[in-house]
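Heads up, the thing below is written out as structure tokens.
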Amino acid sequence: MNVLALLQRKLQEALSGLANDPAAYSGMLKPAQDTRFGDYQANCAMPLAKQLDKKPPEIARAIVERLHLEDVLEPPTIAGPGFINLKLRDEWLARQVRAMTKGDRLGVAPVENPRTFVVDFSSPNVAKPMHVGHLRSTIIGDALARLLRFLGHNVVTDNHLGDWGTQFGILLYGYKNFLDASAFAADPVGELARLYVHVRKQMKKVVNAQGEEEEDANDPIAQAARAETAKLHSGDTENLNLWQQFMPHCYEEIERIYRRLDVCFDHTHGESFYQPMLADVVRELRLHNIAQESEGAVAVFFGEKDSPALIQKRDGAFTYTTTDLATIRYRLEQWNPHAILYVVDFRQGLHFKQLFDIVRRWGYEKIELQHISFGSVLGEEGRPISTREGTGALLDSLLNEAVAAAARVYEQNQAEETSQLSDEERRRIHEVVGIGAVKYADLSQNRTSDYRFSLKKMLAMDGNTATYMQYAYARNRSIFRRGNIEVAAMRNDPPPVLLTVGEERSLALQLLRFHNALLVAAAEYKPSAITGYLWDLAKTYSGFFQNCPVLKAETAELRQSRLLLCDLTARVIQRGLDLLGIRTVERM
RNA sequence: GCGCCCGUAGCUCAGGGGAUAGAGCAUCGGUUUCCUAAACCGGUGGUCGCAGGUUCAAAUCCUGCCGGGCGUACCA
């Protein structure tokens, strides 16, 4: 049940005789900002009164008279300059919450018109170890895919690995010139990482016009690395063999991380997969005069003042624009999606703007292309973390630290509930709590803001964190253990819900908002809408837990009712966290 | 130069036309015969970068300025 949508629909009906464009005003119905005003508020009377040259309270009264929701709402009140304050009837609220227990969708109906989404996320350069910079794309993309799927859409996840670009030229150059063969035999992934960083460091830096350091394109090593890339792309046997030798180790490394993060993909078509299609793309774009030769390269031009996008370099190598174009065509042919979502750092905004522009000119007009951009990862001091240096801030060690921090908190906790657990169970709890903390720290932040990487903040386990939700969940489950409650029976035959005190009512109201929170998160592609909702829910539940005895409730009916509210809360928390890719534990 | 983004409490950030601007952390104080204190309750803390404008109503929209980040032809 989506309460907000119901109220807005009814408001729109009520407005149909009053306003010319009711839809423009029905959106002005929102959850109340202050609970003293009620549960929801409609702010449309003021602008409408202005338009009709009437007094706002008069219009508000007219709206209220036409709003036929007597079974849903208490009589609405009009306050201040013309706010219409709405409060749900307790009986109605109780019935709706009870209805949520049926099935496993928690009142969230699948969308009426399912769409097909391709979600392109994570996409690391596999030539180097995964870095905290890869975290955002990976977990935001995974969360969006989970959410869209739950809402009933068709979702294809595709990890567009960087397995064919310049970074492999660097590896090839490093392998040929600086290889430590015994190190490679012992730890191929580690040696490849070392080579990558080593070669990068050899390259000269120049100071540009803005006085900043940047890489010198004329540096001999940079040129040599580019030449290795070009040879690989043109089918050089030696380079191709080396590449094939490197790849399994690269896969192994990223797979290990994905297993730990509980992230998986339907497809892993890296850049190399599209390599055979690239020459065709360039040929076609030239044929249609979308691309032209320019300064020895092949480029697509935009406005006078805008810089072009290269689809083939002077040395013959293709660029990631070319690969992305081939990828779009492949995805269209393969899955015929309504939309492709690219979960990528905002710094690639221009690339996607150009890419989408080229796709339109190429003739693909219907497909929705979205750059789901997110702020870049900054270091503790606020400067962007360089992914090129390759040192420090490795994803793997971050996860280890998070799990260790969770273990420390756990060991300090003297709770009777957890004192008897086996080592294996404890390790599992540390892992779930630690990884959850890292994921949540990222997901709870507004996607579009820059992300200041703070180990302390990421490992925080109080406040608005996954741990807080997991803890609320674990305490909740403990009630059912201690009471020997059969949840299945209760879910099949839910008892009536009684709202006798404010804490019960607030909890019921918050539970009913789950559906809308998911829709907002999906509409804006913002997982933070889910974390915000869960934080409110868990806080509301904590108030309930504190003040409302469940097993020792005054009457059997009240006990049943509260058990139902508890069970529903646990299920919503668990499902909400699940949509974020975060797990729960039964005790902690 | 041009383009995109950001400036809100000591710190990290929500809110992006609506009532007295919110939260977490930090700080100060209180709560455990009671289903997990990884919890709860309360206090302190704000010229919403600055200046104009639009509006019944601006932190929110528009313009300009100041400060910061990022991008801008052969990295991805």
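Residues in the first sequence are numbered consecutively from 420, following the working numbering. Quick reminder that beta carbons are idealized off the backbone N, C-alpha and C, glycines included. Predicted, not measured: the structure shown is a model, and the values here were computed from it.
Going straight from the alpha carbon of I777 to that of I709, what length do you get? Looking up residue 777 in the first sequence gives position 358. Looking up residue 709 in the first sequence gives position 290. Roughly 8 Å separates the two Cα atoms.
Under three-state DSSP, which class holds I673? Position 254 of the first sequence, counting from 1, holds the residue named residue 673. Reduced to three states, the DSSP call for I673 is helix.
Confirm, please, whether the CB-CB distance from I786 to A760 is below 7 Å. Mapped onto the first sequence, residue 760 falls at position 341. Mapped onto the first sequence, residue 786 falls at position 367. Just to set this straight, residue 760 is Leu in the shown sequence, not Ala. Going by C-beta atoms, L760 is not nearer than 7 Å to I786.
With distances taken between CB atoms, is the gap from I558 to K958 smaller than 7 Å? Along the first sequence, read from residue 1 onward, the residue named residue 558 stands at position 139. Along the first sequence, read from residue 1 onward, the residue named residue 958 stands at position 539. The answer is no: Cβ separation not under 7 Å.
Please report how far the alpha carbon of S726 lies from the alpha carbon of L467, in whole angstroms. Looking up residue 726 in the first sequence gives position 307. Looking up residue 467 in the first sequence gives position 48. Approximately 47 Å, taken between the alpha carbons.
Could you check the C-alpha separation between M447 and M465 for me, to the nearest Å? Within the first sequence, numbered from 1, the residue matching residue 447 stands at position 28. Within the first sequence, numbered from 1, the residue matching residue 465 stands at position 46. Cα to Cα, M447 sits roughly 11 Å from M465.
Helix, strand or coil at E784 [DSSP, three-state]: Locating residue 784 in the first sequence gives position 365, counting from the first residue. In this structure, E784 counts as coil in the three-state DSSP scheme.
Identify, in the order they occur along the chain, each residue of the same chain with its Cβ nearer than 6 Å to the Cβ of R807, setting aside the five sequence neighbours on each side. One-based indexing of the first sequence puts residue 807 at position 388. Confidence at R807 is low in this model, with a pLDDT of 44, below 50, so its placement is unreliable and no value can be given for it.
Hey, K650 and N637: beta-carbon distance below 7 Å or not? Position 231 of the first sequence, counted from the start, is the residue given in the question as residue 650. Position 218 of the first sequence, counted from the start, is the residue given in the question as residue 637. No. Outside cutoff.
Limits of the beta strand (DSSP E) - the one that L525 falls within: For the purposes of this step, residue 525 is taken as residue 106 along the first sequence, with counting starting at 1. First-last for L525: undefined, no H or E at that position.
Could you check which residue in C683, V527 and L591 has the C-alpha nearest to that of D655? Taking the first sequence and counting its residues from 1, the one referred to as residue 655 is at position 236. Selected option, being the one with the closest Cα: L591.
Can you check DSSP and say which residues form a bridge with H686? As a first step, residue 686 must be located in the first sequence, where it is residue number 267. DSSP, once it has assigned bridges, lists D577 as partnering H686.
Assuming T740 and L751 make a contact with CB atoms under 8 Å, what is their CB distance in whole Å? Along the first sequence, read from residue 1 onward, the residue named residue 740 stands at position 321. Along the first sequence, read from residue 1 onward, the residue named residue 751 stands at position 332. With 8 Å as the limit, T740 and L751 do not qualify as a contact, their Cβ atoms being about 17 Å apart.
Note down the Cα distance separating A975 from T535, rounded to an integer number of angstroms. Numbered from its first residue, the first sequence carries residue 975 at position 556. Numbered from its first residue, the first sequence carries residue 535 at position 116. Approximately 48 Å, taken between the alpha carbons.
Per-residue burial, T810 [other beta carbons within 10 Å of its own, 16 or more giving buried]: Counted from its first residue, the first sequence places residue 810 at position 391. The pLDDT assigned to T810 is 45, lower than 50, so where the model puts this residue is not dependable; a value taken from the coordinates is nonetheless given after this. Exposed.
Pick from F721, H707, Q731 and V575 that is closest to G715, judged by C-alpha positions: To locate residue 715, count along the first sequence from 1; it is residue 296. Checked all of F721, H707, Q731 and V575; the closest Cα to G715 is Q731.
Nearest-angstrom Cβ-Cβ length linking V796 and G552, presumed shorter than 8 Å: As a first step, residue 796 must be located in the first sequence, where it is residue number 377. As a first step, residue 552 must be located in the first sequence, where it is residue number 133. Rounded, the Cβ-Cβ distance is 5 Å, consistent with contact.
Could you tell me the distance, in whole angstroms, from the CA atom of L512 to the CA atom of L437? Along the first sequence, one-based indexing puts residue 512 at 93. Along the first sequence, one-based indexing puts residue 437 at 18. So the alpha carbons of these two residues sit roughly 29 Å apart.
If you check the beta carbons only, do R555 and P913 fall under 7 Å apart? As a working mapping, residue 555 is identified with position 136 in the first sequence. As a working mapping, residue 913 is identified with position 494 in the first sequence. Their beta carbons are not under 7 Å apart, which means R555 does not touch P913 by this criterion.
According to the Cβ coordinates, are E582 and S445 closer than 7 Å? Working through the first sequence from its first residue, we reach residue 582 at position 163. Working through the first sequence from its first residue, we reach residue 445 at position 26. Correcting the residue identity first, residue 582 is Asp in this sequence and not Glu. No, they are not a contact pair.
Limits of the alpha helix (DSSP H) - the one that Q694 falls within: Position 275 of the first sequence, counted from the first residue, corresponds to residue 694. Careful: Q694 lies outside any alpha helix (DSSP H) and carries neither H nor E.
Return the chain-ordered list of same chain residues with a C-beta closer than 7 Å to the C-beta of A948, the five sequence neighbours on each side being excluded. Stepping through the first sequence from its first residue, residue 948 is reached at position 529. These residues qualify, in order along the chain: A936, V939 and A940.
Which same chain residues, not among the five before or five after Q621, have their C-beta less than 7 Å away from its C-beta? By 1-based counting over the first sequence, the position of residue 621 is 202. So the qualifying residues of the chain are I640.
Which parts of the segment 822 to 906 are runs of the alpha helix (DSSP H), unbroken and 4 residues or longer, counting only runs that do not cross its ends? 842 to 862, 874 to 878 and 885 to 901
Backbone secondary structure at K620 - three-state DSSP: The residue labelled residue 620 in the question sits at position 201 within the first sequence. Looking at K620 - three-state DSSP - the assignment turns out to be helix.
When the distance is taken between beta carbons, is R1002 closer than 7 Å to E836? Here residue 836 corresponds to residue number 417 of the first sequence, with the count starting at 1. Here residue 1002 corresponds to residue number 583 of the first sequence, with the count starting at 1. Against a cut-off of 7 Å, the Cβ pair of R1002 and E836 comes out as no contact.
Apart from the five residues just before and just after C669, which ones in its own chain have a Cβ nearer than 6 Å to its Cβ? Reading the first sequence from its first residue, position 250 is the one you call residue 669. Closer than 6 Å at Cβ, skipping near neighbours: V545.
Would you mind working out which of H686, G526, G588 and V574 sits nearest L580, comparing C-alpha positions? One-based indexing of the first sequence puts residue 580 at position 161. Out of H686, G526, G588 and V574, H686 has the C-alpha closest to the C-alpha of L580.
My output table needs one value for F721: the three-state DSSP class, helix, strand or coil. Counted from its first residue, the first sequence places residue 721 at position 302. Looking at F721 - three-state DSSP - the assignment turns out to be coil, as it is neither helix nor strand.
For L926, the first and last residue of its enclosing beta strand (DSSP E): Counting from 1 along the first sequence, the entry for residue 926 is found at position 507. It is not in any beta strand (DSSP E) - L926 instead sits in the alpha helix (DSSP H) that spans G921 to L931.
Quick check: A824 and L878, are their CB atoms within less than 7 Å of each other? Here residue 824 is taken as the residue at index 405 of the first sequence, counted from 1. Here residue 878 is taken as the residue at index 459 of the first sequence, counted from 1. Taking 7 Å as the Cβ cut-off, A824 and L878 qualify as a contacting pair.
Beta strand (DSSP E) segments (min. 3 residues) lying fully within the segment 565 to 611: 573 to 577
Which word fits R896, buried or exposed, when buried means at least 16 other C-beta atoms lie within 10 angstroms of its C-beta? The sequence position of residue 896 within the first sequence is 477, counting from 1. Classification of R896: buried, given that the 10 Å Cβ count is 16 or more.
Might you give, ordered along the chain, the residues of its own chain that have their beta carbon closer than 7 Å to the beta carbon of W754, omitting 5 neighbours on each side? Position 335 of the first sequence, counting from 1, holds the residue named residue 754. Around W754: T535, V537 and V575.
Since I believe A745 is in contact with L697 (beta carbons under 8 Å), could you give me their beta-carbon distance rounded to a whole number of angstroms? The residue given as residue 697 occupies position 278 in the first sequence. The residue given as residue 745 occupies position 326 in the first sequence. That belief holds up - the Cβ atoms of L697 and A745 are roughly 6 Å apart, short of 8 Å.
Per DSSP, what are the beta-bridge partners of Y761 in this structure? In the first sequence, the residue the question calls residue 761 occupies position 342. Answer is D539 and H790, bridged to Y761.
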